[in-house]
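Counted from 1, the sequence shown has number 221 at position 240 by the working numbering; the numbering is strictly sequential. Input: a single structure, listed below in structure tokens.
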Amino acid sequence: MACRKGFDTRVGYPCDLLVFMSKYEHMANLSTDPYKGTRDWYPEQMRLREYIFAVWRSVSEGYGYEAYDAPILEPIEIYAAKSGHELVSEQTYMLTDRGDRQVAIRPELTPSVSRMIAARQQEIAFPARWYNIGRFMRYERPQRGREREFWQLNCDVFGLEGAQAEAEIIAMGHAILTNLGANESMFSIKINNRRIINVMMAHYLGLDAVQAQLMIKLFDKKNKIAPEAFRDQAIEIFGQDTATKGLQNIAELLAARTMADLPESIRDSDAVREVQELFTQLERLGIKNAIFDITLMRGLDYYTGTVFEFFDTHPENNRALFGGGRYDGLVGLFGGEPMSAVGFAPGLSMTELFLQVHDLVPALASTTDIYMVVIGEAMRGATKIAQQLRQEGVHVELDMTGRKLDKQLKTAVKKNVSFVMFVGEEELATEVYSLKNLKTGEETKLSLERVVTRVLDHRNKLASEDADFAVERA
């Protein structure tokens, strides 16, 4: 292979790429497994995914949030500036592009939306309520409910001060779970405030800035490690000289179940009054399962005020579902005027797990309404009928295989389609068609107009049953 300036003179490919390609070109069989930490989405899984996405969109738009999107690739510095060392150095997929720029596959969207707000801050009408349903990647150990490639909803409100902003965002998370069929016994909402955390770390525990950051990270993983490991790491952060008093103070903090139980030096702070106002707002919205949790930290560095997490109460999935909080400083990093911002981000995988353990997954039929079975030499007429139905909003799959009737029917059943419609020369001549409901087995003869009415009514009924199912489970 003759190379000149790194390129093969015959095909114009970089030589290193040709070497890479030649390494695999003689392999007999390629693996059917997806890349580690990712999933293949077959139609039956897509039905549940789209169901969850539909609820996300409905709730977001119901609160006046508008859809937006941002690039899948971003310069690495927008994450390095404020997302935290662990996210950038250990979890971000980074690459050098052909222009020798360091870029990342987005591991989250908050820096991107803050950049977008800063870019057009003078043109945007505030408060700005935006949402996105997007795909992200993080290089971390795949585990139940956590994957390297993932989807999540991002909802953020910019330019809205005070506890009402946090209350609205939390109410949206509450509405998403209840619209999916949950009741308040199935989840709790844990709330804290980074300003309380700062007072706690600096004044009550007496830690310097470096020690405080280490202690915040330790508190953030408190429920994921053994008590002995938590104690030993806390001693290391305090140092031997102050560890005894420090551990006593931590024990007092962990014993606090409400804000009234906090030590006086923390209880009398403005930050506590801010959280108390948030609880008042949530009570007015009818949300009764919110609790104060002094150990809740939220690991990302950009949070500046209220932080919260929704927790699953089911014993088989007793863990955080999703969270969010206030991050007032991020827009200013991009040269914009400092601006208040609150957001949250439910993930798809944890939402799926929540629905599964609480038996909230509805029976979801195919998005195809009719599988059209063609009898004999009726293909030309069946094609015309299928087009007429589609123009009326009916979703039709036309069997073009010419197979026997029983094989066409088996295909329809396997696809989980609601109806089979039989079209032969007799049906075309009489303009009366046999429509069979595959769930009930009922078969009726109908005009084309009646077929449209029957199918669309059935589709609306299924949508209503899904909503009733959610209400019943709640």
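C-beta atoms are modelled at their ideal positions from N, C-alpha and C, and glycine is treated no differently.
- Ranking I351, L234 and V323 by CA distance to the CA of K420 puts I351 first.
- Counted as a single uninterrupted DSSP element, the beta strand (DSSP E) harbouring K417 occupies residues Y414 to N418.
- The criterion of a C-beta distance shorter than 7 Å is not satisfied by I151 and W37.
- The DSSP-derived three-state label of P56 is strand.
- For the pair V94 and D50, the CB atoms are not nearer than the 7 Å cut-off.
- Residue ranges of uninterrupted beta strand (DSSP E) with 3 or more members, entirely inside the segment 353 to 392 and ordered along the chain, are 377 to 379.
- For the options T287, F289, Y185 and M75, the alpha carbon positioned closest to that of I231 is the one of Y185.
- Under the DSSP assignment, R116 falls in the beta strand (DSSP E) whose first and last residues are A109 to M118.
- Of the residues V342, T348 and I172, the one whose Cα lies closest to the Cα of L161 is V342.
- Beta-bridge annotation (DSSP): A322 is paired with F139.
- In this structure, A146 and V404 do not form a Cβ contact; the two beta carbons are roughly 57 Å apart against a cut-off of 8 Å.
- Taking a 10 Å sphere around the C-beta of L76, we find fewer than 16 other C-beta atoms and assign the residue as exposed.
- Residue R176 holds the alpha-carbon nearest to the alpha-carbon of D282 among E264, R176, L370 and E358.
- In the three-state scheme derived from DSSP, where H, G and I count as helix and E and B as strand, D81 is classed as coil.
- When the five nearest sequence neighbours on each side are left out, the beta carbons in the same chain lying within less than 8 Å of the beta carbon of G310 are those of K63, Y283, T285 and P319, in order along the chain.
- For the pair of segments examined, the segment 378 to 387 was found not to touch the segment 428 to 447: the number of CB pairs separated by less than 8 Å stays below three.
- The residue among P327, G227, K391 and K417 with its C-alpha nearest the C-alpha of G126 is P327.
- Every unbroken stretch of the beta strand (DSSP E) spanning 3 or more residues and falling wholly within the segment 285 to 329 is given here in chain order: 287 to 293, 301 to 307 and 322 to 325.
- Relative to the Cα of M97, the nearest Cα in the group F315, A61 and E142 belongs to F315.
- The alpha-carbon separation between T332 and H155 amounts to approximately 13 Å.
- For A271, there is no enclosing alpha helix (DSSP H); the residue is part of the beta strand (DSSP E) that begins and ends at A271 to F273.
- The Cβ-Cβ distance between Y74 and M118 falls below 7 Å.
- If only complete runs of 4 or more residues are kept, the segment 174 to 254 shows the alpha helix (DSSP H) at 175 to 180, 190 to 201, 208 to 219, 224 to 236 and 245 to 248, in order along the chain.
- Under the three-state reduction of DSSP, M278 is assigned to coil, being neither helix nor strand.
- For the pair D293 and T225, the Cα-to-Cα distance works out to about 35 Å.
- It is roughly 14 Å from the alpha-carbon of G227 to the alpha-carbon of A236.
- Counting the other CB atoms within 10 Å of its CB gives G43 a total below 16, which places it among the exposed residues.
- For T349 and D21, the gap between their C-alpha atoms comes out near 21 Å.
- Using a C-beta cut-off of 8 Å, the segment 254 to 263 makes no contact with the segment 180 to 194, since fewer than three inter-stretch Cβ pairs fall below that distance.
- Burial is judged here by how many other beta carbons sit within 10 angstroms of a residue's own beta carbon; S321 has at least 16 and is buried.
- Contact between the segment 355 to 367 and the segment 393 to 412 is present: three or more C-beta pairs spanning the two stretches fall below 8 Å.
- The beta-bridge partner set that DSSP reports for M75 consists of A85.
- By the neighbour-count criterion, in which a residue is buried when 16 or more other Cβ atoms sit within 10 angstroms of its Cβ, K417 is buried.
- A344 and V84 have their C-alpha atoms some 42 Å from each other.
- When secondary structure is reduced to three states using DSSP, I105 falls in the coil class, being assigned neither helix nor strand.
- Separation of K269 and M240 (C-alpha to C-alpha, rounded to the nearest whole angstrom) is 16 Å.
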